[in-house]
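Enquirer: Below is one structure. I have some questions about it.
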Amino acid sequence: MSEQTCEPSPTPVESDLLDPYERLVKIEVLGQRVEVPENNRLLRCFQYLSLETISYGDFCWNGDCTNCQVWYHTKDQPNDNGKPALSCRIDVIEEMVITAMSPFIKLRGITK
Ligand code: FES
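Taking the numbering used here, the leading residue of the sequence shown gets 323, the next gets one more, and so forth.
Shown next as structure tokens:
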């Protein structure tokens with residue numbers, strides 16, 4: 323009789339670009355609901371959504387250029403429409419609502 327082994331359950335697609343994550347979280351970008359990997363910088367999440375436009379975009383990825391700026395609020399502060407942040411510097415927040423963003427951020431299916 324052969325011994326059976328238990329295979330681990332499949333995990334989300336691994337990527338060298340992303341920090342490890344277990345699940346996707348829902349956010350809203352310019353009125354569109356999307357799912358992105360938890361525990362990652364917001365700009366990485368944008369890259370997850372639109373690999374080519376962000377990878378080849380004009381971004382320093384280290385807080386210098388401000389080309390990645392967004393304005394957002396969270397579900398805890400629904401009336402705060404204008405909180406600015408650099409998406410290369412903040413982690414994605416579940417249920418965050420991005421109300422505006424730099425024209426340098428082009429997302430396939432959302433801004434173009
Ligand atoms: S990508 Fe340059 S400041 Fe965020």
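C-beta: ideal position from N, C-alpha, C; glycine also. No experiment lies behind these values; they were computed from the predicted model shown.
1. For LEU340 and ARG366, what's the separation of their Cα atoms in angstroms?
2. If you draw a straight line from the alpha carbon of ARG411 to that of LEU364, how long is it in whole angstroms?
3. Just mark GLN369 as buried or exposed, buried being the case when its beta carbon has 16 or more other beta carbons within 10 Å.
4. What's the gap between the Cα of LYS397 and the Cα of LEU373?
5. Should VAL358 and VAL414 be called a contact, given that it needs their Cβ atoms to be closer than 8 Å?
Expert: Looking at the atomic coordinates:
1. Spanning the two alpha carbons is a distance of roughly 7 Å.
2. 8 Å
3. buried
4. If you draw a straight line from the Cα of LYS397 to the Cα of LEU373, it is about 27 Å long.
5. A contact, by the Cβ cut-off of 8 Å.
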